[in-house]
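Notes follow once the structure below has been shown.
Residue numbers (this note's numbering): 2 to 110.
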């Protein structure tokens with residue numbers, strides 16, 4: 002863990018402890034709704050702390066699991082069958098003028 006990640010984790014713990022202490026003081030001397038609010042707020046930095054420590058580190062990423070449902074093969078086949086950019090962006094209704102599947106239309110009827 003880098004020094005900046007450790008500093009961030011320390012900040013999360015300090016913030017959570019401060020909010021928890023404020024909740025304790027509110028339970029003793031303040032309104033109950035404020036105590037509940039500070040109690041809930043003290044959990045948010047702890048969630049951030051857990052997310053920070055579980056973040057994948059550079060160089061340690063796991064390889065993606067191979068797809069077994071054929072989705073990747075289907076996508077590759079569709080990409081190979083694509084003829085031009087305009088065909089993709091027009092949802093298969095038009096082709097580029099340089100496309101091999103472009104139908105030349107004349108104005109003669």
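Just so it is clear, CB atoms sit at the ideal spot from N, CA and C, and this is done for glycine as well. A quick note: this is a predicted structure, and the numbers were derived from the prediction, not measured.
Sorted by chain position, which residues of the same chain lie with C-beta nearer than 6 Å to residue i's C-beta, five sequence neighbours on each side aside?
i           : result
residue 13  : 46, 49, 50
residue 137 : Within the shown structure, residues of the chain are numbered from 2 to 110, placing residue 137 beyond reach of any answer.
Identify which residue in the options has its Cα closest to the Cα of residue i.
i          : options        : result
residue 8  : 22, 54, 74, 29 : 54
residue 2  : 20, 56, 73     : 56
residue 52 : 96, 10, 32     : 10
residue 27 : 40, 17, 18, 16 : 40
residue 17 : 79, 73, 80, 38 : 38
residue 87 : 74, 29, 75, 98 : 98
Find out if the Cβ-Cβ distance for the pair residue i, residue j is shorter than 8 Å.
i          : j         : result
residue 24 : residue 6 : no
With respect to the alpha helix (DSSP H) encompassing residue i, which residues constitute its N-terminal and C-terminal limits?
i          : result
residue 10 : 4-30
residue 42 : 33-42
residue 49 : 45-55
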